[in-house]
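Engineer:
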């Protein structure tokens, strides 16, 4: 199973992909890239006297239901990619949702 640690994505095949950030993302067109900007929901690890454990950054004031909906949306995109890879293979452009790219 894939694991992401210290900006290094390690795959079961033994391949490793060095990342600039700490996350990978999928677009509506099923393209994969780095999702480097933690600007929706994130953790601030700066410890201080007022927040010894760090704090949650939620600039849009999203609820748990909102965040679950975002998670479900992304999970569905990843599942669509997985199904398309099985159906078309890794070298076939049909893997992508062309109508949603750009």
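Residue numbers (the working numbering): 443 to 544.
Backbone N, C-alpha and C fix where the C-beta goes; we use that ideal spot for every residue, glycine too.
Please read all numbers here as calculations on a predicted model, not as lab measurements.
#1: Excluding sequence positions up to five away, which residues of its chain have a Cβ less than 6 Å from the Cβ of residue 465?
#2: Looking at residue 482: is its Cβ nearer than 9 Å to the Cβ of residue 516?
#3: Suppose contacts are defined by Cβ-Cβ distances below 9 Å. Is residue 475 in contact with residue 486 by that definition?
#4: Please report the distance separating the alpha-carbon of residue 527 from that of residue 494.
#5: Where in the region 475 to 510 do unbroken runs of the beta strand (DSSP E), each at least 3 residues long, occur, reported from the N-terminal end onward?
#6: Need the endpoints of the beta strand (DSSP E) that residue 450 sits in, please.
Structural biologist: In brief:
#1: 477
#2: no
#3: no
#4: 45 Å
#5: 484 to 486, 497 to 499
#6: 450 to 452
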